[in-house]
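Each number in this note's numbering corresponds to the 1-based position in the sequence shown with 2 added.
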Amino acid sequence: MDSRPPVRVVGLDAGVAGRRLLAGVSFTVAAGEVLALVGRSGSGKTTAGRALLGEAGPGVRLAGRVEVAGRPVSPATPPPPGVVGYVPQQPSAALNPVRRVGAVLREVARRHARPVRRTPGRPSRRAAARTTVAGRETVRRAVADALARVDLPADREFLRRFPHQLSGGQQQRLVVAHALLARARVLVADEPTTGQDSLTRRDVAHELRALADAGLAVVLLSHDLHLVRAVADRLVVLDAGVVVEAGAAADVLAAPRDERTRRLLAAAPAASSAVAPAAPRVAVPRAAAPAGTPALRVRDLAAAHRAGARRRGVLHAVTAAVAPGGCLAVVGRSGSGKTTFARCVAGLHPPRGGTVGLGGRPLAATLDRRTRADLAAVQYVFQDARASFHPHRSVLEQVSRAAVRLRALPPARARDAARRVLGETGLTADVVARRPDRLSGGELQRAALARALLAEPRVVICDEITSGLDAVSRDRIVALVDRLRRTRGLALVVISHDRDVVARLADHVVVLDAGRVVEAGPAAALLTAPRHPLTRALLHTSQPAA
Numbered sequence: 003m004d005s006r007p008p009v010r011v012v013g014l015d016a017g018v019a020g021r022r023l024l025a026g027v028s029f030t031v032a033a034g035e036v037l038a039l040v041g042r043s044g045s046g047k048t049t050a051g052r053a054l055l056g057e058a059g060p061g062v063r064l065a066g067r068v069e070v071a072g073r074p075v076s077p078a079t080p081p082p083p084g085v086v087g088y089v090p091q092q093p094s095a096a097l098n099p100v101r102r103v104g105a106v107l108r109e110v111a112r113r114h115a116r117p118v119r120r121t122p123g124r125p126s127r128r129a130a131a132r133t134t135v136a137g138r139e140t141v142r143r144a145v146a147d148a149l150a151r152v153d154l155p156a157d158r159e160f161l162r163r164f165p166h167q168l169s170g171g172q173q174q175r176l177v178v179a180h181a182l183l184a185r186a187r188v189l190v191a192d193e194p195t196t197g198q199d200s201l202t203r204r205d206v207a208h209e210l211r212a213l214a215d216a217g218l219a220v221v222l223l224s225h226d227l228h229l230v231r232a233v234a235d236r237l238v239v240l241d242a243g244v245v246v247e248a249g250a251a252a253d254v255l256a257a258p259r260d261e262r263t264r265r266l267l268a269a270a271p272a273a274s275s276a277v278a279p280a281a282p283r284v285a286v287p288r289a290a291a292p293a294g295t296p297a298l299r300v301r302d303l304a305a306a307h308r309a310g311a312r313r314r315g316v317l318h319a320v321t322a323a324v325a326p327g328g329c330l331a332v333v334g335r336s337g338s339g340k341t342t343f344a345r346c347v348a349g350l351h352p353p354r355g356g357t358v359g360l361g362g363r364p365l366a367a368t369l370d371r372r373t374r375a376d377l378a379a380v381q382y383v384f385q386d387a388r389a390s391f392h393p394h395r396s397v398l399e400q401v402s403r404a405a406v407r408l409r410a411l412p413p414a415r416a417r418d419a420a421r422r423v424l425g426e427t428g429l430t431a432d433v434v435a436r437r438p439d440r441l442s443g444g445e446l447q448r449a450a451l452a453r454a455l456l457a458e459p460r461v462v463i464c465d466e467i468t469s470g471l472d473a474v475s476r477d478r479i480v481a482l483v484d485r486l487r488r489t490r491g492l493a494l495v496v497i498s499h500d501r502d503v504v505a506r507l508a509d510h511v512v513v514l515d516a517g518r519v520v521e522a523g524p525a526a527a528l529l530t531a532p533r534h535p536l537t538r539a540l541l542h543t544s545q546p547a548a
């Protein structure tokens with residue numbers, strides 16, 4: 003039996019265009035173990051995780067030794083198919099958008115099925131038919147078992163869906179099911195709780211621990227220290243590409259030795275960390291916004307997604323409003339309809355019924371029917387800031403286009419206006435002159451906010467804009483959004499799973515479940531005395547427990 007660990011990394015270096023990404027990183031992961039790589043945005047976690055797949059970003063040069071399942075791995079010699087499962091931060095990127103869920107699962111199961119023993123000689127036609135039926139049944143059972151292990155249904159309706167018809171949490175679990183069917187020995191999970199509600203985060207913790215207990219070597223790349231505390235056996239802390247601390251997860255979390263680790267833990271919202279923050283971080287619910295004509299009013303909004311020849315309702319008679327300078331938080335489980343609600347408000351998804359009003363007048367249902375002024379008035383900041391920028395153009399160029407398209411400014415004046423707004427978000431001229439791949443996640447999210455603000459909107463929709471950011475970057479984004487809302491009188495619609503973000507920004511909360519409003523009211527009331535069981539579970543459930 004091979005006694006070598008499934009993952010062994012020795013002296014891993016990485017760099018791009020003279021900039022260091024990793025320097026001398028070393029770690030091992032045993033079968034049945036969860037190793038967590040943690041650190042701030044841009045610390046090198048994803049670069050180290052992708053090296054296990056034999057991948058490097060554009061222009062990135064790797065040096066050192068990486069072994070997976072006893073074999074050296076590099077961009078020139080990637081691991082054999084199926085050996086390493088990968089759950090990306092945006093799971094939709096790992097799924098084929100034009101193939102149904104069931105077809106892909108069956109294909110993976112067939113490709114990695116154990117060979118069937120055959121008797122010598124040529125089988126009869128009847129025996130061959132029996133073998134074919136048995137093979138199909140084996141594949142069906144394998145698919146059903148894999149889906150059951152990740153808490154997904156195996157019924158015909160689910161298997162006939164396309165990936166875009168699944169919630170983010172369902173997409174993520176589907177990627178894990180692919181890895182299980184491929185009989186992976188190693189699983190790399192990159193920020194698996196990004197954008198997930200507290201109940202789904204708890205499920206993810208259980209799934210990762212169960213996968214490790216089943217013998218997988220799990221490498222967890224995460225900002226979510228609640229998740230790390232719940233599932234990790236060992237911990238490696240990265241800062242600017244260097245390992246600053248490593249050891250048993252419980253020991254590092256309880257008594258960190260390095261100052262950078264202490265700062266990282268202090269910024270986390272958990273009260274259970276042994277490291278106390280330098281200042282109290284208890285979020286006090288905001289008072290309700292002043293009464294008056296709402297900047298945004300939504301009445302009886304309904305929407306559906308196409309499922310084959312049929313339409314599946316995802317929003318049912320949702321009503322909400324937000325005043326100038328106010329903030330409406332929309333919360334709910336993954337797949338509850340939050341993002342569909344936001345996309346309907348922005349004109350990105352056609353509603354089946356209801357109205358969206360801006361300052362007392364109705365808005366056209368879709369973007370192509372809205373005037374330039376209406377397009378500028380409602381701006382959307384997406385969860386994945388990196389995906390919303392073109393990879394080969396400077397950030398300044400892309401942000402300034404908002405002023406050209408929506409305010410009809412000449413290019414030179416648009417660039418000047420963009421520099422001012424980008425500076426207001428804390429981004430310097432040398433940073434915004436770079437391409438998006440040279441910016442951290444927090445910097446890109448600030449650039450995305452600046453692009454929205456450059457349109458001089460009345461309403462800004464923020465869809466999980468702090469997910470995937472480390473605790474320090476998240477706090478800076480929340481403080482920035484709060485300051486901009488107050489100074490500019492913006493009406494905010496915030497889609498979030500983060501109780502701390504909701505408490506710090508929202509004056510009104512709407513809770514969705516299966517597309518229906520189950521509770522709504524002032525943030526202070528819902529955060530301190532929620533009535534509905536789901537609200538209590540979402541906003542008061544403790545984080546994943548060890």
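No residue lacks a Cβ here, since even glycine has one placed at the ideal position from N, Cα and C. The model shown is predicted, which means the values in this text are computed figures rather than measured ones.
Cutoff 6 Å; reference residue i; Cβ partners in own chain excluding five residues on either side
i	result
V177	V89, P93 and A96
P315	Here the sequence assigns Gly to residue 315, which means Pro is not the residue at that position. Closer than 6 Å at Cβ, skipping near neighbours: A306.
R1	No information on residue 1 is available, as it lies outside the stretch 3 to 548 that the chain covers here.
D241	G41, S45 and R262
Helix, strand or coil at residue i [DSSP, three-state]
i	result
R138	helix
G1	The structure shown does not extend to residue 1, since the chain spans only 3 to 548, so no value can be given for it.
V358	strand
A522	strand
R283	Confidence at R283 is low in this model, with a pLDDT of 38, below 50, so its placement is unreliable and the value that follows should be read with caution. Looking at R283 - three-state DSSP - the assignment turns out to be coil, as it is neither helix nor strand.
E159	helix
D370	helix
D192	strand
Q447	helix
H534	coil
A539	helix
L528	helix
A375	helix
Which residues DSSP lists as bridging residue i, in chain order
i	result
Q381	V462
A38	L222 and L237
A16	L24 and L64
C329	L494
D515	R518
V364	Contrary to the premise, residue 364 reads as Pro rather than Val in this sequence. G359, per the DSSP bridge assignment.
Where the alpha helix (DSSP H) containing residue i begins and where it ends
i	result
P296	Segment: none, P296 is in no alpha helix (DSSP H) and carries neither H nor E.
L424	P413 to E426
R185	Careful: R185 lies outside any alpha helix (DSSP H) and carries neither H nor E.
H166	Per DSSP, H166 belongs to no alpha helix (DSSP H) and is neither H nor E.
F391	Per DSSP, F391 belongs to no alpha helix (DSSP H) and is neither H nor E.
H228	L227 to V233
D477	A473 to R490
V100	Counting along the chain, V100 falls outside any alpha helix (DSSP H), and DSSP gives it neither H nor E.
A251	A251 to A256
Among the options, the one whose alpha carbon lies nearest that of residue i
i	options	result
T140	L107, Q167, R158 and G66	L107
G217	V245, P438 and V188	V188
V519	R354, H318 and G349	H318
E399	A416, L411 and L24	A416
V513	G339, H114 and A481	G339
L330	A493, R354 and H228	A493
Q381	L456, R437 and V244	L456
L529	A105, A323, V504 and A516	V504
A304	A71, L210, G356 and N98	G356
V85	T79, A71 and R485	A71
D502	R211, H534, L540 and R485	L540
A191	L55, T295 and P296	L55
A105	R533, S76, A146 and A78	A146
Beta-carbon proximity list for residue i, same chain, < 8 Å, skipping 5 on both sides
i	result
R102	L161, R162, R163 and F164
A450	V383, F384, A387, S390, F391 and I467
P74	R67 and V68
V401	A420, V423, L424, V434, A449, A452, R453 and L456
V152	R175, L176, V178, A179, L182 and E209
Contacting residues, own chain, Cβ-Cβ under 7 Å from residue i (five flanking each side not counted)
i	result
Q385	G197, D465, E466, I467 and S469
P258	E247, R264, L267 and V277
G13	G26, S28, G66 and R67
G337	S169, G171 and Q172
Residue i CB to nearest heavy atom of the ligand SAH below 7 Å
i	result
L492	Looking at this structure, you won't find the ligand SAH or any other ligand, since it has none at all.
Range of the contiguous beta strand (DSSP E) that encloses residue i
i	result
G315	R312 to V324
L494	A493 to I497
S435	Here residue 435 turns out to be Ala, not Ser, going by the sequence shown. A435 -> no beta strand (DSSP E), and no H or E assigned at all.
G57	In the sequence on display, residue 57 carries Glu and not Gly. First-last for E57: undefined, no H or E at that position.
V86	V86 to V89
is_contact[residue i, chain B] using C-beta, thresh 8 Å
i	result
P459	Looking at the structure shown, chain B is missing, and only one protein chain is on hand.
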